[in-house]
Amino acid sequence: MNYQNLFSEIAVEAQKIEDSGAVATYIPELGNIDPNKFGIHLTTLDQRRYGLGDFDEKFSIQSISKVLSLTLAFELEGEKLWSRVGIEPSGTPFNSLVQLEYENGIPRNPLINAGALVICDILVSRLENPRKDLIEFVRQLSGDGNLDYCRRIAESEKKTSYKNAALINLMKDFGNINNDIEVVLDLYFHLCSIELSCKDLTQVFLYLAANGINPLTGEKVTSISNSKRINAIMQLCGFYDEAGEFAYKVGLPGKSGVGGGIIAIHPGKYCVAVWSPKLNQKGNSHKGMKVLEFLTTRTQSSIF
Ligand code: GLN
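Residue numbers for the sequence shown follow the numbering used here, beginning at 8 and rising by one.
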């Protein structure tokens, strides 16, 4: 595949996409982003790299990082994990409370907020130094030892995060949160505050295209089986109540964040990341989804 030509086509295509959607403002700091930013980057398994636009600029990856916390917790807990959180699509918005009550405080999956909070609770229980150990894990994946949380974003979210507080309180009442609520929320806000560029993202998540191996170091991040399973969960749950739409139009496992980023994995081939801050009604990047649809259609490289 000639990705260089493809990226020239994407540059033209991106201009044609209707400019709709809105930047997330419910986390005040996210509202300060220039809505017109646009970047895309693709890294192949054999380390060829292609970028366009603002691909080298760091942005708030938000819920994309839930795949990283899941990977770490899955390594620590193994299959036991699934007694605390499910693996089914929710069909509801990422911060919805409705299912949680009638399903007795067990979140549908680890990629909605409730599920990611349970994962953070597990990390608080299992890691000696949860905040430090988690960022070290991401540093190793990225090869960037200076990478850090963005305290400003974490603080901003903490001040306005009434829904997440409601979710975790409900789960605590059902007995599905073992640690202090404030400690778990603090880890969750920091997790969501990580800033990476599209280029960084494709490096960090390449292990999911490589059977769980970090291609930078050759080290095992997770097992072949866990890598397959995490991809499956992303496919079914990575876009909340728009997971079907993403599978239908793009056809790759992926994960979005309210910072406007999306990553998508082609197992055995590549990892691609796109950033465009304006979100659609479901909280996923409007232009990002369209550009990825163009990419997989043009290259005929969906997994289906
Ligand atoms: N930090 C955000 C929240 O908890 C993450 C949501 C997202 O990116 N979908 O609401």
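All residues carry an ideal CB built from backbone N, CA and C; glycine is no exception.
For residue j and residue i, the rounded distance between their alpha carbons
{"i": "F346", "j": "F144", "result": "Residue 346 is absent from the model: the chain starts at 8 and stops at 311."}
{"i": "T118", "j": "I175", "result": "Note that residue 118 corresponds to Leu in the displayed sequence, not to Thr. Approximately 15 Å, taken between the alpha carbons."}
{"i": "G58", "j": "E64", "result": "11 Å"}
{"i": "I129", "j": "A80", "result": "7 Å"}
{"i": "R115", "j": "Q106", "result": "8 Å"}
{"i": "V228", "j": "L134", "result": "16 Å"}
{"i": "S27", "j": "K87", "result": "42 Å"}
{"i": "L148", "j": "F212", "result": "8 Å"}
{"i": "I272", "j": "A161", "result": "27 Å"}
{"i": "I220", "j": "R146", "result": "15 Å"}
{"i": "A217", "j": "G251", "result": "24 Å"}
{"i": "I184", "j": "T167", "result": "21 Å"}
{"i": "Q307", "j": "D151", "result": "33 Å"}
{"i": "S230", "j": "P274", "result": "14 Å"}
{"i": "R305", "j": "A21", "result": "14 Å"}
{"i": "K285", "j": "G38", "result": "10 Å"}
{"i": "D187", "j": "F14", "result": "47 Å"}
{"i": "I17", "j": "F181", "result": "48 Å"}
{"i": "G60", "j": "Q69", "result": "21 Å"}
{"i": "K262", "j": "K235", "result": "15 Å"}
{"i": "E110", "j": "Y10", "result": "45 Å"}
{"i": "L203", "j": "C244", "result": "22 Å"}
{"i": "R159", "j": "E36", "result": "8 Å"}
{"i": "L208", "j": "K23", "result": "25 Å"}
{"i": "E25", "j": "N43", "result": "12 Å"}
{"i": "V30", "j": "D155", "result": "23 Å"}
{"i": "L299", "j": "L215", "result": "18 Å"}
{"i": "E108", "j": "C127", "result": "20 Å"}
{"i": "I47", "j": "C157", "result": "22 Å"}
{"i": "S292", "j": "E226", "result": "32 Å"}
Beta-carbon separation (whole angstroms), residue i vs residue j, contact threshold 8 Å
{"i": "G112", "j": "M8", "result": "The pair is not a contact, with the Cβ atoms about 46 Å apart (cut-off 8 Å)."}
{"i": "V74", "j": "G122", "result": "Incorrect: roughly 12 Å between the Cβ atoms, too far for contact."}
{"i": "K170", "j": "F196", "result": "Rounded, the Cβ-Cβ distance is 13 Å, inconsistent with contact."}
{"i": "G290", "j": "F45", "result": "The pair is not a contact, with the Cβ atoms about 18 Å apart (cut-off 8 Å)."}
{"i": "I94", "j": "I240", "result": "6 Å"}
{"i": "T51", "j": "Y277", "result": "5 Å"}
{"i": "G266", "j": "F66", "result": "5 Å"}
{"i": "V279", "j": "L49", "result": "4 Å"}
{"i": "S90", "j": "C199", "result": "With 8 Å as the limit, S90 and C199 do not qualify as a contact, their Cβ atoms being about 25 Å apart."}
{"i": "P260", "j": "Q54", "result": "In fact, because the Cβ distance is near 21 Å, the residues do not count as touching under 8 Å."}
{"i": "T303", "j": "G268", "result": "The Cβ separation is near 17 Å, so there is no contact."}
The ligand GLN heavy atom lying under 7 Å from the CB of residue i
{"i": "G28", "result": "no"}
{"i": "V265", "result": "yes"}
{"i": "F249", "result": "In the sequence under discussion, the amino acid at residue 249 is Glu, which differs from the Phe named in the question. False, no ligand heavy atom lies under 7 Å from that Cβ."}
{"i": "N171", "result": "yes"}
{"i": "N176", "result": "no"}
{"i": "F246", "result": "no"}
{"i": "N120", "result": "yes"}
{"i": "C199", "result": "yes"}
{"i": "E164", "result": "yes"}
{"i": "S97", "result": "no"}
{"i": "Q54", "result": "no"}
{"i": "G290", "result": "yes"}
{"i": "F101", "result": "yes"}
{"i": "Q147", "result": "no"}
{"i": "S70", "result": "yes"}
Three-state class that DSSP yields for residue i in the structure shown
{"i": "Y156", "result": "coil"}
{"i": "G38", "result": "helix"}
{"i": "I68", "result": "coil"}
{"i": "Y33", "result": "coil"}
{"i": "N188", "result": "Reading off the sequence, residue 188 comes out as Ile, not Asn. Helix, per DSSP."}
{"i": "I220", "result": "strand"}
{"i": "E110", "result": "coil"}
{"i": "S168", "result": "coil"}
{"i": "L118", "result": "coil"}
{"i": "S292", "result": "strand"}
{"i": "E25", "result": "coil"}
Residue i, enclosing beta strand (DSSP E) - first and last residue
{"i": "T51", "result": "46 to 51"}
{"i": "S263", "result": "261 to 263"}
{"i": "Y57", "result": "56 to 60"}
{"i": "I269", "result": "268 to 273"}
{"i": "A280", "result": "277 to 282"}
Opening and closing residue of the alpha helix (DSSP H) in which residue i lies
{"i": "K227", "result": "Neither: K227 is in no alpha helix (DSSP H) and is coded neither H nor E."}
{"i": "A80", "result": "73 to 84"}
{"i": "T209", "result": "205 to 211"}
{"i": "L215", "result": "Here L215 belongs to no alpha helix (DSSP H), and DSSP marks it neither H nor E."}
{"i": "E252", "result": "250 to 256"}
{"i": "F101", "result": "It is not in any alpha helix (DSSP H) - F101 carries neither H nor E in the DSSP assignment."}
{"i": "R138", "result": "137 to 149"}
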